[in-house]
Amino acid sequence: KMKDGQTVLERIGGDMNVEAIVDTMFVGLLSDSRVRFFFEQSREKIDDMKRSFSALAVGGFGGPVTVDDRKVRKVHYTLNVTDYHFDTMMENFYFACDLMEVDAETIADAADVLGKVRADVTAGCTVRLEVARKKSESAGTDGLFGALGGAQGISAFILKHFENIQTDPRIMHFFTGAKLEGMKQPVEDYMAALFGGPVQYSGRPLARIHTTMAMSDYEFDSFLDSVKMALRAVGADSQTVDECVVLLETVRQEVLVNRKRHDVRKAMEA
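Count the sequence shown with this note's numbering and you get residues 450 to 719, in order.
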């Protein structure tokens, strides 16, 4: 967008200011539990992500275009990035710009430009979720439930999953004490039903169960990571693992009903 003959890039202060904004934004992303899981990478990988984001922004803001939009979709396709995650990233971008004293109109115009890649970033999760839903709903026990080995396969997966989470420092504090054994069957029933099994989940609503837990997005993502590892350990193929995980993504808001609010500005200023 042009204003008074200047591109967004010129109004924001040029390439170096974009890089400084991205550096500040990543400080926020790395401490933001809503998206932290996606950014727990090596220093080299983080630096590469910063360079790619800066190049994408510079091209969109009126500078040289060096990033192919098709690459954006390809890179994010297998990730469970939803609109919720994209909005979190944009919130961090906004506050990074504000801390760099970029004026509100320029921030809004820059956000509009970056918003154009939303569909490419979130497409993978959207498409894969639709495929997984159709398979579990139309194929019934011959779908995901069958691919996992039926009731016996689900039981083996749950056993491995609970072995994993009891030693995972990210989430093990949620799965200790006398009630641990009592958790396994309801979790097994819920997942069996979600994956298309002939099981009727009769436990308490997820929101009610998790109200007092105050689990964060990072901890939920870590839980999903444990699910992936357990499924692979019991022999599930990559497509089945992905379809199971993307279905579990749909219950995020029910599980995180009492998540703590993250102060983006405070995190960046710390």
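The beta-carbon is built from N, C-alpha and C at its ideal position, and this holds for glycine as well.
(request) Tell me whether Q455 sits in a helix, a strand or coil according to DSSP, three-state version. (result) strand
(message) I need the straight-line Cα distance from T531 to L697, nearest angstrom please.
(response) 13 Å
(message) In the DSSP assignment, the alpha helix (DSSP H) including D513 goes from what residue to what residue?
(response) The sequence as given places Pro at residue 513; Asp does not occur at that position. Careful: P513 lies outside any alpha helix (DSSP H) and carries neither H nor E.
(request) Determine the direct distance from the alpha carbon of R701 to that of E718, and round the result to whole angstroms. (result) 29 Å
(request) Inspect the CB distances between the segment 677–684 and the segment 646–658 and report whether three or more fall short of 8 Å. (result) no
(message) Could you compute how far the alpha carbon of F669 sits from the alpha carbon of I620?
(response) 8 Å
(message) Tell me the rounded alpha-carbon separation between E579 and G454.
(response) 44 Å
(message) Let me make sure I understand the geometry here. Which of A506, A545 and V676 has the alpha-carbon closest to that of I603?
(response) V676
(request) Could you tell me if M538 is buried or exposed, where buried requires 16 or more neighbouring beta carbons within 10 angstroms of its beta carbon? (result) buried
(request) Less than 8 Å between the CB atoms is what I'm expecting for F606 and L597, so what's the real figure, rounded? (result) 6 Å
(request) Go through its chain and collect everything with a Cβ distance to L505's Cβ below 6 Å, but skip five positions before and after it. (result) V516
(request) Decide if M640 is buried, meaning its Cβ has at least 16 other Cβ atoms within 10 Å, or exposed. (result) buried
(message) Could you tell me the alpha carbon to alpha carbon distance between R577 and E692, rounded to whole angstroms?
(response) 7 Å
(message) Assuming contact is defined by CB atoms lying nearer than 8 Å, are D472 and K452 in contact in what I supplied?
(response) no
(message) Rounded to whole angstroms, what is the Cα-Cα separation between R567 and F535?
(response) 7 Å
(request) Please name the residue in D552, F475 and A679 whose C-alpha comes closest to that of K494. (result) F475
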